[in-house]
Every structure is written in structure tokens, then in C-alpha cells.
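Heads up: the structure comes next, in C-alpha cells.
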Amino acid sequence: MAKDKLNLEFTASQAETVDAFNRAMDDYMLFSGEPVGRLLETAEVDPDFVMGYCLTGCLRLFGGVGATHPRVSLELRAAKARRSRANPREQAHIDAFETAASGEMSRAGRMWDDILSEYPHDMMAAKCAHEAYFLVGEARNLRKSVMNILPEWDESVPYYSYLLGMGAFGLEEAGDYEEAEKMGRRAVELEPRDGWAVHAVAHTLEMQGRCSENVEWLESTVDDWRGAVWLSGHLWWHLCLPLLEDEQFDRVFDIFDARIANCDEDMVTRLMDGTSLLWRLETLGLDVGDRWEGLADKWQRHADEHALAFTDAHYAMTMAAADKQRSVRRFLQSQHAFVEVDDSTNGQIIERVGLGLCEGMIAYREEDYARAADKIAPIAGEVWRIGGSNAQRDVFRLTLTDALLKAGRYQEAHDILAPLAADTPTPSRKAELETALEGLRQSAA
Ligand SMILES: [Fe+2]
7 MAKDKLNLEF TASQAETVDA FNRAMDDYML FSGEPVGRLL ETAEVDPDFV MGYCLTGCLR
67 LFGGVGATHP RVSLELRAAK ARRSRANPRE QAHIDAFETA ASGEMSRAGR MWDDILSEYP
127 HDMMAAKCAH EAYFLVGEAR NLRKSVMNIL PEWDESVPYY SYLLGMGAFG LEEAGDYEEA
187 EKMGRRAVEL EPRDGWAVHA VAHTLEMQGR CSENVEWLES TVDDWRGAVW LSGHLWWHLC
247 LPLLEDEQFD RVFDIFDARI ANCDEDMVTR LMDGTSLLWR LETLGLDVGD RWEGLADKWQ
307 RHADEHALAF TDAHYAMTMA AADKQRSVRR FLQSQHAFVE VDDSTNGQII ERVGLGLCEG
367 MIAYREEDYA RAADKIAPIA GEVWRIGGSN AQRDVFRLTL TDALLKAGRY QEAHDILAPL
427 AADTPTPSRK AELETALEGL RQSAA
């Protein structure tokens, strides 16, 4: 039986198939190339290549498209049809992929972790678990998944540095910034092209409000991650966050136009970055021109996917901001219909957190700030469940506190902002807190 780069037994009927898989995994680590195209081409000529369909389907899910996306269903069917030819490890991958496609990302993450307990060097399982936990906001599992297998790895194992980058991100999301930064910087030292490790360090700097260091970090590494086509847009987005704090708005607009807006409509993660960035710019009072229009056109086809509450929220934000009233109404109907029939964890999260969040974000755009605050405040403590990173979800906190301030509810805004500004005193948080304090002073007077 063939073996892949990590010495794992691998089902294939042709010798070249394992090379194609190894190269697709290399691309995946670097967020570059065309791993999906490469895998599908290989699968067309090798009827036993079950891992090809597992990986392409998962890559699509992790890219933010829903399980109802025709390509995902097709690839799941193709993987299942080859199940009897696969070895037990590969069969476990098919099961985990199917679970992820059914809206059970957390359970799928645990299934990939189960594969790792027997095959700790299965990087595809480690990456899939990592992505799954990230998509459902499970920071502790994100950290644990990597930390459990790290003792089994060392520099002699291919992809070791990438595992460090993943560990760094898990540590960061779980709040262990010091260890995260150390591990992330070590990963980048070993493999400077590892955009995910660069990203982990950027997150640690962002979360600690180390704005100028973050700009320097991303600018000094840009030549190494510029070619990571599937991640670079998000790293440019990260660069924009400290630039916004520094009021370098022209640079932010340039980055949006040149690096984020010009993406394919299936690059949902980049669409979300675009939405989040324009939203933040407008919250700061800037005119974004007609940029919502182009973004809304690309978002349009994702109206009924409901891949995640996090994706849904960005869809709602975009349509509301672009003033596409019909799309907003249609989306809300579709979302309500989805939660009525979908009883997966994803459906439950959308019902419990997503609906209110979307309605709150839409109300904010309609300048009904009291309603926006009433919708978002009760679920603010649960927003982590919609997935994404702490830094990404901050746009919802920002919207809530801005809505509270604009609705004249200074005390509520103050109670959220005071601990945040004490912990991470960024210019924007300090300014928001000052507005709340001034409002309270005036109310008292
Ligand atoms: Fe990020």
C-alpha cells in the first residue's frame, strides 16, 4: 500500500496519486496554489482516491460555503461511494467530513481528534480539527487539539513548523498570549512562508493592543505571505485593524480596493473581511462610497446557505449596508425557514444567537440604535458560539457599544467598555469610553 509524506497508509490505484495529495497538502499549509483543482484532476483518473474528495469538500466548507453548496454535496457523495476501498483511517475521515457537512462542526472536530489519537502525525486530521474548532469558536479545543499531539512531533516530522503555527493560534484564542507569541515566532523562524503562523502572531499583538508592533510585524513579513492567495486577504485585513487605530484611513481604503474587494464570489472568508472592514470604517464616520455595491453582488449567491451564524451575520450586514431591502427581507425569511427545519448544532446556534444578531446589525444600519442594542445585548455573552476569532467578533461588540452610545444608554456602554479599555487601551476603545463618560457626566448635570 502507498504511504503519504507523513508515512500514513494511503489508498490509491496509481503511484502519482500520492504525490498529488502530498503537493495539495503542501499548498494547503501555505494557503497557496490550487489544491482543489489538483485533487479533483487526480481523482478523475484514480477511482480509489477517496482522500481527494474528503480534502476538497472540507476545504470548501472551511472556506465558508455551506453544506448545501452543490460541490460539497457532490464531493461527499463521491467520497462515500469509495468508502469500501478505503482503509480505516480514511473511512474515519469520510465520517468526519460527513459530520462537518451536516452542520456538526464541533463533533467533526472531535472525530478528527479521534483520528489523531491513533495517528498523531495525520496533518490533514489536525488541520481539519483546527479549522472546525475555529469555525465554532471553541478556543479551548483549538488549543487542546494541537497540544495533545505536539509531544509526538519534532523537527524531523514534515509540517512540524506548521503545527507550531496552529498551536500558536490555539494558544492565542484561548488567551495565552505570551506562549502564543513565542510559539508563533518560532514557527515563522522555521518556515517564513507560513502565513498561518504570521497570522497567529498578528492576533496576539492585536489582542494586546500592540498596534505599531503589529503594523511592523505584518509589513516586515509581507513578502513571505503575499503569495498565500487563500490567506493573504485576511492578513491584509489584520494590517488594517492597527491602521484604523492610527487613523491611516487612506491606506485602509487602498488595501480594501487592491487586496480584499477583488476576490472570487466563493471566497467567503474574504467577503467577510471586506464586510467587516467597511462596517468598521463607517462606524468611525467615514464615507465608503459605492464599495458596498460590489461586495453585495458577490455575497448575493450565499443568501440561502446558512453555513454558519458568523457568515449569516456578515451577509445581513452587507445587504443592510448596501440598502438592498429585498435581499434583507428574503434573507431573514430564508434564515427563519432554515432554523425551523435544521436541527443540527449549526441550526441551533443560528436560532439562538444568529437571528438576534442579524436583526440587531440590520437595526443598527437602519439607525434604530435602541432596537439594535436590545437585540444584541442579550446575546453578547454567547456571540463566541457563532465562530470566527475574537478579533473578528469584535465588530459585533463595537456595533453594540456604538448603538448604546447613540441611543444615549451611556451606563450600559460604560459597563462594557470600561473593562475592555482597562485591559487593552487602544485609541478607539479609549475614545468610546470617553464618550460614555461624557454622556454620564452630562446626564448627571
Ligand atoms: Fe484572523
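Note that the sequence shown ends on residue 451 in the numbering used here; no numbers are left out.
All residues carry an ideal CB built from backbone N, CA and C; glycine is no exception.
Between ligand 1 and the CB of Ala419, the shortest heavy atom gap is not smaller than 7 Å.
Note that the C-beta distance between Glu104 and Leu82 is below 8 Å. For the pair Ser90 and Ile121, the Cα-to-Cα distance works out to about 18 Å. In the pairwise beta carbon analysis, the stretch 131-140 is classified as not touching the stretch 362-375: fewer than three pairs are separated by under 8 Å.
Every residue whose Cβ sits closer than 6 Å to any heavy atom of ligand 1 is listed here in chain order: His205, His209, His240, His244, Ser395 and Ala397. The stretch 404-416 makes contact with the stretch 431-442; the number of CB pairs closer than 8 Å reaches 3 or more.
As the crow flies, the alpha-carbon of Met367 is around 8 Å from that of Phe402. Secondary-structure assignment with DSSP links Glu15 through a beta bridge to Lys9.
Around the beta carbon of Leu80, fewer than 16 other beta carbons sit within 10 angstroms, so the residue counts as exposed.
Going by beta carbons, Asn352 and Met117 fall outside the 8 Å limit.
Pairwise C-beta distances place the stretch 286-299 out of contact with the stretch 49-57, as fewer than three of them are shorter than 8 Å.
The beta carbon of Ser350 lies closer than 8 Å to those of Ser108, Gly109 and Glu110 in the same chain, with the five residues before and after it left out. Ser340 sits close to Ala309, with the two beta carbons spaced by under 8 Å. Taken in chain order, the unbroken stretches of alpha helix (DSSP H) that lie wholly in the stretch 243-318 and span 4 residues or more are 255-261, 274-289 and 297-305.
For Glu440, the enclosing alpha helix (DSSP H) covers residues Pro433 to Ala450. If you draw a straight line from the Cα of Pro41 to the Cα of Ile422, it comes to about 43 Å. In the structure shown, the three-state DSSP call for Trp236 is coil. With respect to the 8 Å criterion, His312 and Phe344 are classified as neighbours on the basis of their beta carbons. Relative to Gly72, the option among Asp272, Leu237, Ala442 and Glu144 whose CA is nearest is Asp272.
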